[in-house]
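Converting from the sequence shown to the working numbering requires adding 258 to each position, the first position being numbered 1. Don't be surprised by glycine CBs; every beta carbon is placed ideally from N, CA and C. Taking it in order: structure first as structure tokens, then the write-up.
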Amino acid sequence: MQKGFSGFNMFWKELLGVGKPDIALLIDGPNILRKAFNIDLVEVRKELSKMGNIRIAKIYLDQYASDKLIEAMVNQGFETITTTGDVDVTMAIEGMEYVLDPKIDMLALMTRDTDYRPVLVKARKHGKRTVIIATDIAFSAALRNTADRLLIFRGPGKIETIVNTE
């Protein structure tokens, strides 16, 4: 795996013990924010914070997102990005920006959608660690097998962490 500048920075952080990785968290709102999944985003942030410092926390919503939902996300500390169409393209493009950002060491995507696999592949090629956060319902095997680490929410307070060893 090719190491980018970020991988070099993370190497020195680990070697010198001077800090935890800086994380960009991107959430696919329409794909994840469903009542059936019952995901607590405060719990997500708490669990992800164990892996590093969340520097970026964005949630991508479509044009049909209610004002109450947008307000709730802002109140939880997320930057909301509203798109006029499918959020996949916007989130993938911004994901690539963080792949190329030397200040970000880890890219965490909260989604179940396999469309983001190319972003994970590029992130790993650039020396970034990758995390997928999802539910156990209809979760993409491609994402499961591509990310360095998985956080799977199986219900309130039930989080499974899986580390891929490839």
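Please report how far the alpha carbon of residue i lies from the alpha carbon of residue j, in whole angstroms.
| i | j | result |
| --- | --- | --- |
| glycine 413 | valine 389 | 19 Å |
| leucine 367 | isoleucine 297 | 14 Å |
| glutamate 301 | lysine 308 | 11 Å |
| threonine 423 | aspartate 406 | 7 Å |
| isoleucine 391 | isoleucine 420 | 10 Å |
| tyrosine 356 | lysine 386 | 9 Å |
| alanine 315 | isoleucine 328 | 14 Å |
| glycine 277 | arginine 382 | 20 Å |
| glutamate 305 | arginine 370 | 18 Å |
| asparagine 403 | isoleucine 339 | 28 Å |
| leucine 450 | aspartate 320 | In the structure displayed, the chain extends from 259 to 424; residue 450 sits before or after that span and is not available. |
| lysine 326 | asparagine 289 | 18 Å |
| asparagine 333 | leucine 299 | 11 Å |
| proline 279 | methionine 364 | 7 Å |
| glycine 415 | methionine 331 | 20 Å |
| serine 324 | leucine 283 | 22 Å |
| glutamine 260 | aspartate 344 | Model confidence at glutamine 260 stands at a pLDDT of 43, short of 50, so the residue's coordinates are unreliable and nothing is read from them. |
How would you write the range of the alpha helix (DSSP H) that residue i sits in, first residue to last?
| i | result |
| --- | --- |
| isoleucine 285 | Isoleucine 285 -> not in any alpha helix (DSSP H); beta strand (DSSP E) instead, spanning 280-286. |
| threonine 348 | 345-357 |
| threonine 372 | Careful: threonine 372 lies outside any alpha helix (DSSP H) and carries neither H nor E. |
| asparagine 403 | 399-404 |
| leucine 327 | 325-333 |
What are the start and end residues of the beta strand (DSSP E) that includes residue i?
| i | result |
| --- | --- |
| alanine 366 | 364-368 |
| lysine 308 | No beta strand (DSSP E) contains lysine 308, which DSSP labels as neither H nor E. |
| threonine 340 | 337-341 |
| valine 410 | The question names valine, yet the displayed sequence has isoleucine at residue 410. 407-413 is the span of the beta strand (DSSP E), which, as asked, contains isoleucine 410. |
Measure the beta-carbon distance from residue i to residue j and round it to whole angstroms, keeping in mind my assumption that it falls under 8 Å.
| i | j | result |
| --- | --- | --- |
| leucine 358 | histidine 384 | 7 Å |
| tyrosine 318 | glycine 287 | 5 Å |
| aspartate 394 | isoleucine 417 | That belief does not hold up - the Cβ atoms of aspartate 394 and isoleucine 417 are roughly 11 Å apart, past 8 Å. |
| isoleucine 285 | glycine 310 | In fact, because the Cβ distance is near 17 Å, the residues do not count as touching under 8 Å. |
| isoleucine 362 | arginine 313 | 7 Å |
Tell me whether residue i is buried or exposed, calling it buried when 16 or more other Cβ atoms sit within 10 Å of its Cβ.
| i | result |
| --- | --- |
| glycine 335 | exposed |
| glycine 353 | buried |
*asked:* Within 8 Å, do at least three Cβ pairs link the stretch 332-351 to the stretch 370-384?
replied: yes
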